[in-house]
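All residue numbers for the sequence shown refer to my numbering, where the first residue is -2 and numbers rise by one.
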Amino acid sequence: MKMKAIMKSRPSAGAELVTVPVPQIGPNELLVKVKVTSICGTDAHIYAWDSWAQSRIKPPLVFGHEFAGEVVEVGSFVKGFKQGDFISAESHIPCGYCYQCRNDQQHICGNLKILGVDTAGCFADYVVLPEVCAWKNDKSMKPEIASVQEPLGNAVYTVLGEDEDVAGQNVAVFGCGPAGLFAVGVSKAASAGKVIHIIKHDFRRTISQQMGSDLIIAYNDPQLKDKIIQATNGVGVDVVLEMTGNQKAISDGIDILRKGGRFSAFGIASEPLINLNLNAMVFKGARIICINGRLMYRTWYQMAGLLNSGRLNPAPVITHKFKLEEFEKAFAQMKSSDRQSAKIVMFP
Ligand SMILES: [Zn+2]
Ligand SMILES: [Zn+2]
């Protein structure tokens, strides 16, 4: 049986639509028919073939790691899933036997593989997924919402950490990419006090409002810090969620964090070294926690609870829908200079 797929065929920019055999599953794997897939920043790096992609990706590779679909075949050792299940995917593939895996930290496995980066991904009609990475959805969930649970889970983990609370606390979210927009919604759904959103792209102002932000400030507003200190009665925010990896955002975030506050770092810097004012953090008695992936599966259960409560609606962040064959349009839309989009989904 054959299927269509978007493949990074050679070590250069772009990708191509190809016809390849439907992959075979092993005993611990599921074959999933992809209903919908969403594009991540990582995919844009792979598509553009930047220096990160050149150092990490080995073509030929079918990429993509955010999706939802239907299980059509299960391996002989699979216990928790059956044909017809509607699933989403945890993109971090743990080995199951390293130190972290044996200490409840599979998401940062010592031999971690990432779907669509180290293994064949989901920009295709079918994808193979290890059982340990499958998450069962309610059949009533909209497929595109089910697909974006992977990046939404990053936001849930950034907001709630291992065991954090934001109820009644003032939160500053830096960054207006999908992760930042999701983090605004998750903070509100988790009963945060004031959610202050620091944004770069004006197109995303309306989405930020729809996600529930109380105050929006442009990242380059010269009054940025004064406005935040004023909005928090001179105290500073209880929680900073850093979703950009940008030097200015990190420095501003530390400055507007209250003494004893929490700084959650999720953004990845493109610069080789970031200047972190550790002294300021120490004198504030502040805490910094670093976020990679999603807790398996604590974060997913928390996310399901927030979605089922009706308080968290990620839909406003999904701005564009394309057919998988239109991937070139989808990637062009994503990289448009004025960022007139947020999360983009594609349907095979
Ligand atoms: Zn992703
Ligand atoms: Zn491991």
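The beta-carbon is built from N, C-alpha and C at its ideal position, and this holds for glycine as well.
All figures in this text were calculated on a predicted structure; none of them were measured in a lab.
Nearest to residue i (by Cα), restricted to the options the options
| i | options | result |
| --- | --- | --- |
| L112 | Y294, G290 and H62 | H62 |
| G307 | M138, Q337 and H42 | M138 |
| G290 | K79, A12, A117 and I105 | I105 |
| G165 | L149, T155, L178 and V192 | V192 |
| I286 | F83, E159, L14 and K224 | E159 |
| L274 | D249, F263 and G190 | Note that residue 274 is Asn in the sequence shown, not Leu. Looking at the Cα atoms, D249 is the closest of the given residues. |
| A45 | R53, G11, S210 and E26 | G11 |
| P18 | A117, G174, F324 and I43 | A117 |
| G190 | C173, V163 and K256 | V163 |
| A347 | S205, K326 and E141 | Not covered by the structure: residue 347. The range shown for the chain is -2 to 345. |
| K281 | L321, D235, L221 and Q97 | D235 |
| P357 | K79, R201, S35 and G72 | Given that the chain is displayed from residue -2 to residue 345, the structure contains no residue 357 and the question cannot be resolved. |
| C95 | K110, S85 and G81 | K110 |
| R259 | V15, V33 and L238 | L238 |
| V168 | A176, S188 and N151 | S188 |
| A86 | A50, S35 and K1 | S35 |
| I213 | V181, D82, A186 and G233 | V181 |
| Q146 | L28, G257, I84 and E13 | I84 |
| T203 | E325, V68 and V314 | V314 |
| E70 | L28, F78, G242 and E323 | L28 |
| S23 | F74, G209, P175 and D199 | Here residue 23 turns out to be Gly, not Ser, going by the sequence shown. The candidate whose alpha carbon is nearest that of G23 is F74. |
| S52 | C119, G172, N25 and S9 | S9 |
| L303 | G177, D115, D223 and V156 | V156 |
| A277 | M293, L254 and L292 | L254 |
| T241 | W49, Y216, K224 and D82 | Y216 |
| N305 | E26, A186, R284 and D199 | A186 |
| K133 | F78, S334 and R336 | F78 |
| V355 | K320, D223 and D82 | Outside the shown range of the chain, which is -2 to 345, sits residue 355, and nothing can be said about it. |
| M300 | F171, H317, P148 and Q227 | P148 |
| D211 | T229, D223 and E322 | T229 |
| N272 | C37, I251, D218 and E67 | I251 |
Under the three-state DSSP convention, the category residue i falls into
| i | result |
| --- | --- |
| S205 | helix |
| T241 | coil |
| S35 | strand |
| I271 | coil |
| L292 | coil |
| Q46 | Correcting the residue type first, residue 46 is Trp in the shown sequence and not Gln. In this structure, W46 counts as coil in the three-state DSSP scheme. |
| I341 | strand |
| C346 | Outside the shown range of the chain (-2 to 345) lies residue 346, about which nothing can therefore be said. |
| P313 | helix |
| V114 | coil |
| V15 | strand |
| R53 | helix |
| G23 | coil |
| M331 | helix |
| R308 | coil |
| C106 | coil |
| F324 | helix |
| M(-2) | coil |
| I265 | coil |
| F64 | strand |
| G356 | Because the chain is modelled from -2 through 345, residue 356 falls outside the range shown and cannot be assessed. |
| A131 | strand |
| R284 | strand |
Distance cut-off 7 Å: residue i Cβ against heavy atoms of ligand 4
| i | result |
| --- | --- |
| C98 | You won't find ligand 4 in this model; what it holds is ligand 1 and ligand 2. |
Residue i at chain C interface by Cβ criterion, 8 Å
| i | result |
| --- | --- |
| M138 | In summary, chain C is missing from the structure at hand, where a single protein chain is found. |
> Quick one: any contact between the region 80 to 96 and the region 128 to 143, if contact means 3 or more CB pairs under 8 Å?
Replying inline: Short answer: they touch.
>> Which complete beta strand (DSSP E) runs does the region 69 to 94 hold, if anything under 3 residues is left out?
In response: Those beta strand (DSSP E) runs which fall completely within the region 69 to 94 and span 3+ residues are 83 to 86.
> What are the uninterrupted segments assigned as alpha helix (DSSP H) that are 4 or more residues long and contained completely in the region 176 to 240, given in chain order?
Replying inline: 202 to 208 and 221 to 228
>> What ranges does the alpha helix (DSSP H) occupy inside the region 136 to 178, keeping only unbroken runs of at least 4 residues that lie completely in it?
In response: 140 to 144 and 146 to 157
>> Does the contact criterion of 3 or more C-beta pairs under 8 Å hold for the region 51 to 60 versus the region 1 to 17?
In response: yes
> Is there contact here, the region 194 to 211 with the region 321 to 330, by at least three beta-carbon pairs under 8 Å?
Replying inline: no
>> I want to know whether the region 265 to 274 touches the region 239 to 247 - three or more CB-CB distances under 8 Å.
In response: Contact between the region 265 to 274 and the region 239 to 247 is present, with at least three C-beta pairs closer than 8 Å.
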